[in-house]
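Per this note's numbering, the sequence shown starts with residue 4, numbered consecutively. Using N, Cα and C, we set each Cβ at its ideal position, and we do this for glycine too.
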Amino acid sequence: MPEGKGLNLRQTNDESIMKILVTGGGGFLGQAIVRQLLKRGDEVCVLNRSDYPTLSAQGVFCHRGDIADRETVVNAAAGCQAIFHVAAKAGPGLHGPDFERPNVTGTDNVLAACQAHGIASLVYTSSPSVVHGGGDIENGDESLPYPDHFQAPYPETKARAERAVLAANGPTLKTCALRPHLIWGPGDNQLLPRLIEKNRAGRLRLPAPEKLIDTVYIDNAADAHILALDNLLGPATAAGKAYFISNGEPLPTGDIISRLLEASGETPRIGSISPRLAMAAATAIEGAWRLARRRSDPPLSRFVVEHLSTAHWYSLDAAERDLGYRPNISITEGLSRLSRSAER
Numbered sequence: 004m005p006e007g008k009g010l011n012l013r014q015t016n017d018e019s020i021m022k023i024l025v026t027g028g029g030g031f032l033g034q035a036i037v038r039q040l041l042k043r044g045d046e047v048c049v050l051n052r053s054d055y056p057t058l059s060a061q062g063v064f065c066h067r068g069d070i071a072d073r074e075t076v077v078n079a080a081a082g083c084q085a086i087f088h089v090a091a092k093a094g095p096g097l098h099g100p101d102f103e104r105p106n107v108t109g110t111d112n113v114l115a116a117c118q119a120h121g122i123a124s125l126v127y128t129s130s131p132s133v134v135h136g137g138g139d140i141e142n143g144d145e146s147l148p149y150p151d152h153f154q155a156p157y158p159e160t161k162a163r164a165e166r167a168v169l170a171a172n173g174p175t176l177k178t179c180a181l182r183p184h185l186i187w188g189p190g191d192n193q194l195l196p197r198l199i200e201k202n203r204a205g206r207l208r209l210p211a212p213e214k215l216i217d218t219v220y221i222d223n224a225a226d227a228h229i230l231a232l233d234n235l236l237g238p239a240t241a242a243g244k245a246y247f248i249s250n251g252e253p254l255p256t257g258d259i260i261s262r263l264l265e266a267s268g269e270t271p272r273i274g275s276i277s278p279r280l281a282m283a284a285a286t287a288i289e290g291a292w293r294l295a296r297r298r299s300d301p302p303l304s305r306f307v308v309e310h311l312s313t314a315h316w317y318s319l320d321a322a323e324r325d326l327g328y329r330p331n332i333s334i335t336e337g338l339s340r341l342s343r344s345a346e347r
């Protein structure tokens, strides 16, 4: 994919500058999308739970509020022509309502905002976990069905939200969903900090380090979102569809985790544990967490064990065909950038 392809598409269509809302625009992926939109000259506003002075300093209009409050979302979307709905609660938590409000109610509110303001384009950030029902997924494509059962509220609520977004596609609103897999890179405040914490504590044990998994570098994930919007604005071949997004370089779990730790300046201390023992431990911990009615994330969950025990990597054929997506930054280059940022 040539750099700036999305910008070239809009120039050839002679479209005016757009005003675009990014929910969760202060997050890791949200900020990367905002940077790309600003670079191509769009007017950007964001909706977050907290203030982000760095975004305000770049000319971004920041709305502060709860994505689960409909009035807040509708007000934030006023005057916008498109929305990137990135905001969500992720993690291995067990308390369903904590995920229901931001992931399902929040998405319903975004759809209501599109209807209220006649917004014609919506790109939703989903997750590959919406089709992971247990077992290996190797070169999986978008024909994979939603499973009948999920191990945790996060994938269950994301699947419901994705289905609602895709079902809302129609003559007045074009929608699509992207499923980026394990986003990483400089500035990551989710995946890398958790890996580093567990590594330093000597609690990083893998049940199947040889299983292949996909990841995606942050700039590539943001590129895919921009391409998806441009498709909805143009040929709309992506309308009503979901797409897997990754670097297209599946690696053994133990290998990619070791390389991410090393690029972050850490010495990997990865141990091993049998998948059966890991699942038994997770089941016991979840039982104790529920009995104590804890809302914090358990130190181990069946959802995490399931993903660490299986292969999950996906075909990029559909994303390349419909969106023109090809990862610009390889894993090797991404790790080099991550290492340079860690040295600062």
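Short Cβ contact (8 Å threshold) for residue i with residue j
{"i": "LEU97", "j": "ILE70", "result": "no"}
{"i": "VAL63", "j": "LEU125", "result": "no"}
{"i": "ASN202", "j": "PRO271", "result": "yes"}
{"i": "VAL37", "j": "GLY28", "result": "yes"}
{"i": "VAL89", "j": "GLY136", "result": "no"}
{"i": "VAL47", "j": "ILE23", "result": "yes"}
{"i": "ILE186", "j": "VAL219", "result": "yes"}
{"i": "ALA115", "j": "ARG166", "result": "no"}
{"i": "ILE276", "j": "PRO183", "result": "no"}
{"i": "ILE259", "j": "ILE273", "result": "no"}
{"i": "LEU198", "j": "LEU264", "result": "yes"}
Spatial neighbours of residue i in its chain, beta-carbon cut-off 7 Å, leaving aside the 5 residues before and after
{"i": "GLY44", "result": "ILE20"}
{"i": "LEU326", "result": "ALA227, LEU230, ALA231, ASN234, ALA241 and TYR246"}
{"i": "MET282", "result": "ARG305 and VAL308"}
{"i": "LYS177", "result": "ALA123, SER124, LEU235, ALA239 and ALA242"}
{"i": "PRO189", "result": "ARG340, LEU341 and SER344"}
{"i": "ALA266", "result": "LEU338, LEU341, SER342 and ALA345"}
{"i": "ASP54", "result": "CYS65 and ARG67"}
{"i": "SER129", "result": "LYS161, GLU165, ALA180, LEU181, ARG182 and ALA245"}
{"i": "LEU311", "result": "LEU209, PRO210, ALA211 and THR256"}
{"i": "ALA1", "result": "Here the chain covers residues 4 to 347 and nothing more, so residue 1 does not appear."}
{"i": "ILE332", "result": "TYR220, ASP222 and ASN223"}
{"i": "THR15", "result": "Its pLDDT being 35, under 50, THR15 is placed unreliably by the model, and the measurement read from it follows with that caveat. No residues qualify anywhere along the chain."}
{"i": "LEU40", "result": "ILE23 and VAL47"}
{"i": "GLN61", "result": "LEU41"}
6 Å CB neighbourhood of residue i in its chain, flanking five on each side removed
{"i": "ASP139", "result": "THR313 and ALA314"}
{"i": "ILE334", "result": "ASN250 and GLU252"}
{"i": "LEU147", "result": "VAL134"}
{"i": "ASN112", "result": "ARG73 and VAL76"}
{"i": "ILE288", "result": "PRO301 and LEU303"}
{"i": "ALA154", "result": "For the record, residue 154 in the displayed sequence is Gln; it is not Ala. Result list for GLN154: ARG305, PHE306 and GLU309, in chain order."}
{"i": "ALA35", "result": "ILE221 and ALA225"}
{"i": "ARG163", "result": "VAL107"}
Environment of residue i [buried if 16+ CB atoms lie within 10 Å]
{"i": "ARG296", "result": "exposed"}
{"i": "ASP222", "result": "buried"}
{"i": "ARG298", "result": "exposed"}
{"i": "ASN142", "result": "exposed"}
{"i": "PRO330", "result": "buried"}
{"i": "ASP217", "result": "buried"}
{"i": "ASN436", "result": "Residue 436 lies beyond the stretch modelled for the chain, which goes from 4 to 347, so this question has no answer here."}
{"i": "GLY251", "result": "buried"}
{"i": "LYS214", "result": "buried"}
{"i": "GLY33", "result": "buried"}
{"i": "LEU294", "result": "exposed"}
{"i": "ASP17", "result": "Model confidence at ASP17 stands at a pLDDT of 41, short of 50, so the residue's coordinates are unreliable; what they give is reported in the following sentence. Classification of ASP17: exposed, given that the 10 Å Cβ count is below 16."}
{"i": "ARG262", "result": "buried"}
{"i": "PRO301", "result": "buried"}
{"i": "THR108", "result": "buried"}
{"i": "THR175", "result": "exposed"}
{"i": "LEU280", "result": "exposed"}
{"i": "THR57", "result": "exposed"}
{"i": "PRO131", "result": "buried"}
{"i": "ALA91", "result": "buried"}
{"i": "PRO100", "result": "exposed"}
{"i": "PRO196", "result": "exposed"}
Sequence-distant residues of the same chain with beta carbon closer than 8 Å to residue i, five excluded per side
{"i": "LYS244", "result": "GLU145, LEU169, CYS179, ALA180, ALA321 and ASP325"}
{"i": "GLY268", "result": "SER342, ALA345 and GLU346"}
{"i": "THR286", "result": "ARG305"}
{"i": "GLU103", "result": "PRO156 and THR160"}
{"i": "GLN84", "result": "MET21, LYS22, ILE23, ILE122, ALA123 and SER124"}
{"i": "VAL25", "result": "GLY33, ILE36, VAL37, LEU40, VAL47, CYS48, VAL49, LEU50, ILE86, PHE87 and VAL89"}
{"i": "ASN172", "result": "THR178, CYS179, ALA242 and GLY243"}
8 Å Cβ cutoff, residue i in contact with chain C
{"i": "THR286", "result": "Of the chains in the structure shown, none is chain C; there is only one protein chain."}
**Asked** Touch check for the segment 146 to 161 and the segment 209 to 217: three-plus C-beta pairs under 8 Å?
**Response** By the Cβ criterion, the segment 146 to 161 is not in contact with the segment 209 to 217, since fewer than three pairs of Cβ atoms, one from each stretch, lie closer than 8 Å.
**Request:** Go through the segment 64 to 108 residue by residue and report every complete run of the beta strand (DSSP E) that reaches 3 residues or more, in order.
**Result:** Annotation: the segment 64 to 108 contains the following complete segments of the beta strand (DSSP E) (minimum length 3 residues), in chain order: 64 to 67 and 85 to 88.
**Request:** Just list the beta strand (DSSP E) runs in the segment 238 to 317, keeping only unbroken ones of 3 residues or longer that don't cross its boundaries, in chain order.
**Result:** Runs of the beta strand (DSSP E) inside the segment 238 to 317: 244 to 248 and 315 to 317.
**Request:** May I have a chain-ordered list of the beta strand (DSSP E) segments no shorter than 3 residues that lie completely inside the segment 190 to 215?
**Result:** Within the segment 190 to 215, no complete beta strand (DSSP E) segment of 3 residues or longer occurs.
**Item:** Whole runs of the beta strand (DSSP E) within the segment 17 to 50, excluding any shorter than 3 residues
**Value:** With a minimum length of 3 residues, the continuous beta strand (DSSP E) runs that stay inside the segment 17 to 50 are 22 to 26.
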